[in-house]
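Asker: Here the sequence shown stands for residues 1 to 490, numbered as in the numbering used here.
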Amino acid sequence: MKKIIVLVLTTLFIITSCTDSTSDKVDPEKSKMKTELANHAFTKALKIVKEKTETTECSGDDCNSGIENPEDMDSFDFTNAYNLYNEAIEADPGNLDAQLGAAISRILALLKDPEFIKLRNAWWNVNNNFDLDSASLTEARLKFSNFINNAFIPAIDYSLDRMAILDKPENKNYVYLITPEFYDETEGDTFELDMTEIKAFHAILLSVKAGTNLTQAYKIDLNDYSLEGIKNALTKGSNFLTLLNAGKMVSAHNKANEAVNKALDAIEFLLAETDDQDNDLIKNTAKTVDNIYKFKDNLLKIKDALNNPYELKNNGIALSLTISNFFNNAPTDLKALLPDYTVSIENNELKVKLVAENRVSLIFPDTTFGGLLAGNPSQEDIKLFTEIYECSANVSCYDGDPYYHCTKDFTCKYGKACSTDTECETYEHCGTDNYCANGTRCSEDSNCSSGEHCSTENICEYGKRCSNDTDCDSNETCNTDSYCEWAGDK
Ligand SMILES: [Ca+2]
Ligand SMILES: [Ca+2]
């Protein structure tokens, strides 16, 4: 009886362990074999791309590649390699070579993606069609959106998932050697990919992801690329450049931070490398170390700017950039941040004009630009920082026209510099600001011409002296200061 029980238990154990192993069987040998096949398929695809894109005939500066029509790219096919790397991962998720191969080939396989092919053909049409109609442009733009959303972003996400598995502290010693066999040669250089290159690739993927989040945050598609359609889109109040998804702005900021941290991580790894650097793609040598530190410095500055107020100085004005605030409280309409402008179509051309006719009347509706700048800068701060002035000490009025001068609000005004009236024209006087202005000097009305009066500032001005409307011309009234004033068309 005891024997039977043992036998039953043993059988049960075998059965359960068998079923377990068939549902979740790790097969490193099979995985390795699939990876080799995948590498071979990858090399084959790479060779075709290389051959096709190599320049062939040159006449002068104009060289032809093997790509003469979009269908020539049909042979760029990394899907086979991608599928095989996936089969290798299925057989053994711990196969890091397969994880790396899958991450890279997934992106290259986009060349064969139906959404890419539609986009490629549409853009080919746009670029080779001189009488471009707005319909084909609209079509191409739509294909671009479809490609980004339905093919490109999923591919980036997939590769990021592979990187999350590969780029772990416990894999710090992982190295992938690209031997001549890999690129189908019998002899040649061997390249080493270690965590420096992997982290660098990871950082690039993260920054691309940040970028794709931006494309999804705001309405950047136009429904219609005709002039009329573009005009309507640019006009204030349209939905173009309005916020579609505030969460995507938050994600973009997070991914940008992750990308910078990952790039810094790659640099730390690179700086700690002590092995022979001859075969490394990214090298840490006496020759490169200065550039590595410079790059690190720039990354630290970017990291700081992404998260803390960042001071920008120009033209004597300091503004505090708060990128983090902008991304985390994204403005609902980017167009609304601009000064008032009009959009029109003139002679079949799009014209965008500011409503303000001069620097003084130019008003920024939000001098923080949706929270991008801290501390509520003044209109004048923004104008000086962006160097919006008609004139200044460096910028003269109308190429140095002596009859114009620059006022203290940087606007060009008629009148040449003077110290006495005699330096001005006969119909002018020298004003308190030392520029010639219209109107001769007077002490009483009789000093002025018949249609004028002598103002309280002792300058002859338009409008003869009066006591009531009947003293004035038909289109004038006698104002409270007792001179005739234009009353408009009665
Ligand atoms: Ca090395
Ligand atoms: Ca290295």
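Beta carbons are placed, not taken as given, at the ideal position from N, Cα and C, and that holds for glycine.
Being a predicted model, the structure only gives us computed values, none of them experimental.
According to DSSP, simplified to helix, strand and coil, what is Cys-442?
Answerer: coil
Asker: In terms of alpha-carbon separation, which member of Leu-362, Thr-53, Gly-488 lies closest to Asp-409?
Answerer: Leu-362
Asker: Under the rule that 16 or more other beta-carbon atoms within 10 Å means buried, what is Thr-35, buried or exposed?
Answerer: buried
Asker: So within the stretch 392-455, which uninterrupted alpha helix (DSSP H) runs reach at least 4 residues, ignoring any that extend past its ends?
Answerer: none
Asker: Thinking C-alpha only, which one of Leu-319, Pro-402, Lys-112 is nearest Ala-374?
Answerer: Leu-319
Asker: Give a single yes or no on whether Gln-216 has its beta carbon closer than 7 Å to a heavy atom of ligand 1.
Answerer: no
Asker: At the level of alpha carbons, what is the spacing between Phe-295 and Leu-166?
Answerer: 24 Å
Asker: So the beta strand (DSSP E) Glu-179 belongs to, where does it begin and stop?
Answerer: Sequence check: residue 179 is Thr here, not Glu. Looking at the DSSP string, Thr-179 is not in any beta strand (DSSP E), and its letter there is neither H nor E.
Asker: Considering just the uninterrupted stretch of the beta strand (DSSP E) at Phe-191, what are its terminal residues?
Answerer: 191-193
Asker: What first and last residue would you give for the beta strand (DSSP E) that runs through Thr-477?
Answerer: Looking at the DSSP string, the run of the beta strand (DSSP E) that includes Thr-477 is 476-478.
Asker: Quick one: grab the DSSP three-state call for Trp-486.
Answerer: strand
Asker: Mapping the DSSP letters down to three states, classify Ile-459 as helix, strand or coil.
Answerer: Ile-459: strand per DSSP, three-state reduction.
Asker: May I ask you to check if the CB of Asp-224 is nearer than 7 Å to at least one heavy atom of ligand 2?
Answerer: no
Asker: Say yes only if the C-beta of Thr-186 is nearer than 7 Å to one or more non-hydrogen atoms of ligand 2, and no if none qualify.
Answerer: no
Asker: Ligand 2 and Thr-196: does any heavy atom of the ligand fall closer than 7 Å to the residue's C-beta?
Answerer: Yes, Cβ of Thr-196 sits closer than 7 Å to a heavy atom of ligand 2.
Asker: Around ligand 1, what residues have a beta-carbon under 6 Å from a heavy atom of it, in chain order?
Answerer: Glu-192, Asp-275, Asp-276, Gln-277, Asn-279, Asp-280
Asker: Flag Ile-282 as yes when its Cβ comes closer than 7 Å to any non-hydrogen atom of ligand 2, and as no otherwise.
Answerer: Because some heavy atom of ligand 2 lies under 7 Å away, the Cβ of Ile-282 counts as near it: yes.
Asker: CA-CA distance, Asn-438 and Glu-476?
Answerer: So the two alpha carbons sit approximately 21 Å from each other.
Asker: Assuming Glu-273 and Asn-284 make a contact with CB atoms under 8 Å, what is their CB distance in whole Å?
Answerer: 5 Å
Asker: In angstroms with no decimal places, state the Cα-to-Cα distance between Asn-358 and Leu-234.
Answerer: 22 Å
Asker: I believe Ala-200 touches Ala-266 by the beta-carbon criterion, under 8 Å. Please report the beta-carbon distance rounded to the nearest angstrom.
Answerer: The beta carbons of Ala-200 and Ala-266 sit about 5 Å from each other, so the pair counts as a contact at 8 Å.
Asker: Answer yes if the stretch 152-171 comes into contact with the stretch 89-108, meaning at least three C-beta pairs across the two stretches below 8 Å, and no otherwise.
Answerer: Here the stretch 89-108 lies against the stretch 152-171, with 3 or more beta-carbon pairs under 8 Å apart.
Asker: Nearest-angstrom Cα distance between Pro-28 and Thr-179?
Answerer: 21 Å
Asker: At a cut-off of 7 Å, would you count Glu-273 as near ligand 2, judging by its Cβ distance to the nearest heavy atom?
Answerer: yes
Asker: Can you give me the start and stop residues for the alpha helix (DSSP H) that Thr-43 sits inside?
Answerer: 28-53
Asker: I'd like to check one pair, Asn-308 with Gly-371: are the Cβ atoms closer than 8 Å?
Answerer: no
Asker: Helix, strand or coil for Glu-90? Go by DSSP, reduced to three states.
Answerer: helix
Asker: Let me know the secondary structure DSSP gives Arg-465 once reduced to three states.
Answerer: strand
Asker: What does a CB cutoff of less than 7 Å around Phe-42 pick up in its chain, not counting 5 residues either side in sequence?
Answerer: Here Phe-42 has Phe-78, Ala-81, Gly-101, Ser-105 as same chain residues with Cβ atoms under 7 Å from its own Cβ, once five neighbours each way along the sequence are excluded.
Asker: Which value, in whole angstroms, describes the spacing of the CA atoms of Gly-418 and Leu-243?
Answerer: The sequence as given places Cys at residue 418; Gly does not occur at that position. Going from the Cα of Cys-418 to the Cα of Leu-243 covers about 54 Å.
Asker: Just the C-alpha distance for Ser-136 and Ser-238, rounded to the nearest angstrom, thanks.
Answerer: 23 Å
Asker: Enumerated in chain order, which unbroken segments of the alpha helix (DSSP H) with a length of 4 residues or greater are wholly contained in the stretch 96-182?
Answerer: 96-108, 114-127, 134-147, 153-166
Asker: With 16 other CB atoms within 10 Å as the buried threshold, where does Thr-480 fall?
Answerer: exposed
Asker: Rounded to whole angstroms, how far is the Cβ of Cys-306 from the Cβ of Ser-324, which I believe are closer than 8 Å?
Answerer: It is worth fixing the name first, because residue 306 is Leu in this sequence and not Cys. Right, the Cβ-Cβ distance comes to about 6 Å (below 8 Å), so this counts as a contact.
Asker: Provide the residue(s) that pair with Val-343 in DSSP beta bridges, ordered along the chain.
Answerer: Val-352
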